[in-house]
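Start counting the sequence shown at 964; every next residue gets the next number (this note's numbering).
From the three backbone atoms N, C-alpha and C, an ideal C-beta is built for every residue, glycine too.
All of these numbers come straight from a predicted model, not from anything done at the bench.
Comments concern the structure below.
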Amino acid sequence: MKKNKLFVVAIITFSTVLLGLAFGLSTIKTVVAVRRPVNFPAPFQKDPALTVEGITLGQKLFDDVSLSKNGKLACASCHNQVDAYSSAGIKINEGVNDQILGTRNTPALMNLQWKHSYFRDGRETKLQNTAINAFISPAEMGETMDNVVKKINQSPIYKQHFKTIFGIEEIKAKDITGAIEQYLLSLVSANSRYDQLVAKQKDTFSPDEKEGLKLFKDNCASCHATDLFSDESLRNIGTAMANDPVKKFKVPSLRNAEVSGPYLHDGRFNTLEEVLEYYASGVKKEAGLDPLLQQHGQTGIPLTGAEQKKIILFLKTLTDHAFINKTTLQ
964 MKKNKLFVVA IITFSTVLLG LAFGLSTIKT VVAVRRPVNF PAPFQKDPAL TVEGITLGQK
1024 LFDDVSLSKN GKLACASCHN QVDAYSSAGI KINEGVNDQI LGTRNTPALM NLQWKHSYFR
1084 DGRETKLQNT AINAFISPAE MGETMDNVVK KINQSPIYKQ HFKTIFGIEE IKAKDITGAI
1144 EQYLLSLVSA NSRYDQLVAK QKDTFSPDEK EGLKLFKDNC ASCHATDLFS DESLRNIGTA
1204 MANDPVKKFK VPSLRNAEVS GPYLHDGRFN TLEEVLEYYA SGVKKEAGLD PLLQQHGQTG
1264 IPLTGAEQKK IILFLKTLTD HAFINKTTLQ
C-alpha cells in the first residue's frame, strides 16, 4: 500500500482489525500517527492518542443500531461515509420517533481535530458529548445513556473488546464515547484534487476551475478560510427563521460539499447553485446580519451567473474520493 504524501495511512484495514476483534485476537495497541496535512494549520484537538484498535472499536459503536431505543438507528444511519458522513438528499433526518423531528440538517463529519466547537450552533466544545447527544436526543436515537451503558456491558463481545483494548472490566459512558471520539478524530479528508494542487503533486485544474478558485478567494474566503475552508466562526447570514432563538450558525467546511447537500443549517437549499444564487441576490438586510454581507451599500455577495458557475466548478475540486470511498484507516 502506498503512503499518501498528505497524511499517514495505517497499514491495517478496517475489515482485518474488526475480524481480529471479533475473535479476541487484538492484544496490542497500534498507535496511529495522523500527520498534519501539509496545507492544514496545527490541529486544535490534542487528545486522545489514537490507536488502530480504539478507532476500530469506535467505528463498531458508530455503526451499531442496537444502541438506539428501537434497535434500528445508528450514528452511521445519518452520517453516511459515501456522503462525507452526512445524509445526501435529506433535509432533516428522522430519528426513532417519527413524531419528533429535529430542526437541523445533518452536518458532514471530517477533520474534527481542527474544530473548536460542534453542532450547527457551536454549542458543544467536547467531541465526546456529541455522541451522548446522538444517543439520548428524542429526535435521534432516543435512548438513555444508562441503557446504552447497560447494553454494552451485557454484550460479551463488547466486554471482550473493552477489556482487550483498554483493560476495562466495567464499561462506563465515558469509555463508550471515548472510543467513538477516536473514530471521529480519525476522519481526515485532505486528498482532493485541490489538495494535490497545493501540495504540488498534480495540477489537473481546468482554466474555469482556476478562475473559480480566484473568485472564491476574492469573495468567500473571509469566512471559508484556510484549507479547512472554515474559520470556525458563528455568523448570521440571514437564514434564521423568525421563531428560531439561534440567529448565528457555524461556518461549515466546504470540503466534500459536492456530495453532502442539501445545504445550510436547515437543509433549505438542495443544490450549490441555489446557495450561490442566495448569496448573489437573496440576502435581505436585517438586524444582526453579518457585516461581510452588507458592504458597499448592498447586501449579499454580488456574483454574476458565470462567476457562480466557476465557483461551483472549483468547489467540486474539494471532493475527496479517497475519503468517501476509503476502506483503510486514515
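* To do: Pull up the distance between the alpha-carbon of E1144 and that of L1013, whole angstroms please.
  => For the purposes of this step, residue 1144 is identified with residue 181 of the sequence shown, where counting begins at 1. For the purposes of this step, residue 1013 is identified with residue 50 of the sequence shown, where counting begins at 1. Cα to Cα, the separation comes out at about 9 Å.
* Asked: Under 8 Å, do N1199 and K1213 count as touching if we go by C-beta distance?
  -> Looking up residue 1199 in the sequence shown gives position 236. Looking up residue 1213 in the sequence shown gives position 250. Not in contact: N1199 and K1213 (Cβ atoms no closer than 8 Å).
* To do: List the DSSP bridge partners of K1213.
  => Within the sequence shown, residue 1213 is the residue found at index 250, counting from 1. Per DSSP, the beta-bridge partners of K1213 are L1197.
* T1127, buried or exposed, once every other Cβ within 10 Å from all chains shown has been counted against 16 -> Counting from 1 along the sequence shown, the entry for residue 1127 is found at position 164. By the neighbour-count criterion, in which a residue is buried when 16 or more other Cβ atoms sit within 10 angstroms of its Cβ, T1127 is buried.
* **Closest residue to F1007 among E1016, G1065, Q1076, S1031 (Cα-Cα distance)** => Along the sequence shown, one-based indexing puts residue 1007 at 44. Among E1016, G1065, Q1076, S1031, the Cα nearest to that of F1007 belongs to Q1076.
* Asked: What do you reckon, are the CB atoms on E1182 and I1264 nearer than 8 Å?
  -> The sequence position of residue 1182 within the sequence shown is 219, counting from 1. The sequence position of residue 1264 within the sequence shown is 301, counting from 1. The residue you asked about is not Glu; residue 1182 is Asn in the sequence shown. Yes, the pair counts as a contact, with Cβ atoms nearer than the cut-off.
* Tell me the DSSP bridge mates of Y1226? -> The residue labelled residue 1226 in the question sits at position 263 within the sequence shown. Beta-bridge pairing links Y1226 to F1232.
* Asked: What runs of the alpha helix (DSSP H), each 4 residues or longer, lie entirely inside the stretch 1144-1186?
  -> 1156-1161, 1170-1182, all fully within the stretch 1144-1186.
* **Given N1233 as reference, the closest of I1063, N1068, E1057, N1043 once Cα atoms are compared** => Position 270 of the sequence shown, counted from the start, is the residue given in the question as residue 1233. For the residues I1063, N1068, E1057, N1043, the minimum Cα distance to N1233 belongs to N1068.
* Could you check which residue in L1266, P1254, S1040, S1216 has the C-alpha nearest to that of K1177? => For the purposes of this step, residue 1177 is taken as residue 214 along the sequence shown, with counting starting at 1. Of the residues L1266, P1254, S1040, S1216, the one whose Cα lies closest to the Cα of K1177 is L1266.
* Asked: Which residues does DSSP pair with Y1081 in a beta bridge?
  -> As a first step, residue 1081 must be located in the sequence shown, where it is residue number 118. Paired residues: E1087.
* To do: Could you check which residue in L1072, K1035, T1088, M1104 has the C-alpha nearest to that of V1222?
  => Numbered from its first residue, the sequence shown carries residue 1222 at position 259. The shortest Cα separation from V1222 among L1072, K1035, T1088, M1104 belongs to L1072.
* Spatial distance of T1262 from D1283 (CA atoms) -> Counting from 1 along the sequence shown, the entry for residue 1262 is found at position 299. Counting from 1 along the sequence shown, the entry for residue 1283 is found at position 320. One C-alpha to the other measures close to 33 Å.
* To do: Could you pull the start and end residues of the alpha helix (DSSP H) that S1040 belongs to?
  => One-based indexing of the sequence shown puts residue 1040 at position 77. Residues 1038-1041.
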